[in-house]
Structures are given as structure tokens and as C-alpha cells.
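Residue numbers (the numbering used here): 14 to 199.
Cβ atoms here follow ideal geometry from the backbone N, Cα and C, with glycine treated the same way.
A quick write-up on the structure given underneath.
Here it is as C-alpha cells:
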């Protein structure tokens, strides 16, 4: 199914040159001279690369044949990450390259959305927030109380996040997976 530039929106999955992309930004522009156009930022679903593209007003793109399934992360087996379909119990392996930076937030039994393109798994989408335990964190020093002061903390998943000084090792915290930012204690 083809979509017109007037139907562009954030999150729209399109196919350009036979490859799947998701639209992360769009802006309709009507210059004083010449025809209107749409300025976009699109992210390649397999590689994660972001491109800036401009489309003339009225131009049409094909919607990508993309399906998302809720799956559960089970374990890491060498260089492969194993996910399970919660309905059929099929297990699907992903390579380190396919997972990318998302691997620093994967922990056992975490529910993720797996993106399938033309029936093949190509990418995973993490939930917006995860709760993880801090495994290594230096104590805050007395007198070091400037407002907004932070310190690095290593989570059970291996990610390093800046946390406020009052957070201690062994505590559970909520982290925004999109921005790698501490949200609150859990």
C-alpha cells in the first residue's frame, strides 16, 4: 500500500529502494517560491543508520511489510541472543550486530517487540523503561552535595547510567532505554 506525503507521521514504516525504514521526524515546508516539500529523517530498520531525505509534495512511498511480535528474551548463547515467541514458543536467535546497543539493557525474561520484515526477524524494540539492579556504584561523598550532582552506576545488564548521589549499590532503579537516563528508584 502506498502512502502520500500528506500521510507522513512519526513511526511510519516505509520501504525505500527495497529496504525498510521508520520515519523519526518529518516537516512539511512551503517555501515562498517553488513547490512544497517534506523534509524527513528516516532510520534504517536493519542497520540503525539515520538518513535525511526530502520528498516533493504528493510523492508516494510504499509502506513496508513489517510486523511486530511481542517476544521474551531468554538467554545469550555465545554470540547469539535467544528470544521466544510467547504464543507459539518458537525460539529465534539474533546476532550481536542485529541487536546493536540494545544488548546493554537485555535481561532474562524481558518482553520486547521483535520486528519482522517479509517474515524474517530484523530488529528488536526495547520497552521504553526497564527496572534494573545496580551492581557497582561508588558511594556519594559527604559534602559533595551540589544540586544535580551525579555519579556513574553499573547495572546488572552491563549498562552504565548516571545516577544521583543518594542512590546506592544494590537498589533497583527505573531507566529510560531510549535516552540512557535514570528516572527514579523502583
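- Relative to the Cα of residue 178, the nearest Cα in the group 190, 89, 189 and 150 belongs to 150.
- Closest by C-alpha distance to residue 168, out of 161, 144 and 191, is 144.
- The beta carbons of residue 22 and residue 40 sit no closer together than 8 Å.
- Per DSSP, the unbroken beta strand (DSSP E) holding residue 73 starts and ends at 73-76.
- Straight-line measurement puts the Cα of residue 152 at about 42 Å from the Cα of residue 64.
- Between the alpha carbons of residue 58 and residue 47 lies a distance of about 33 Å.
- Restricting attention to 19, 120 and 188, the CA atom closest to the CA of residue 68 is found in 19.
- Cβ-Cβ distances below 7 Å link residue 99 to 83, 84 and 85 in the same chain, with the five nearest sequence neighbours on each side left out; the list follows chain order.
- The shortest CA-to-CA distance from residue 121 to any of 199, 97, 14 and 138 is the one to 97.
- In this structure, the CA atom of residue 49 is about 42 Å from the CA atom of residue 117.
- Ranked by Cα distance from residue 56, the first of 28, 185 and 43 is 28.
- Counting along the chain, no beta strand (DSSP E) covers residue 59, and no H or E run does either.
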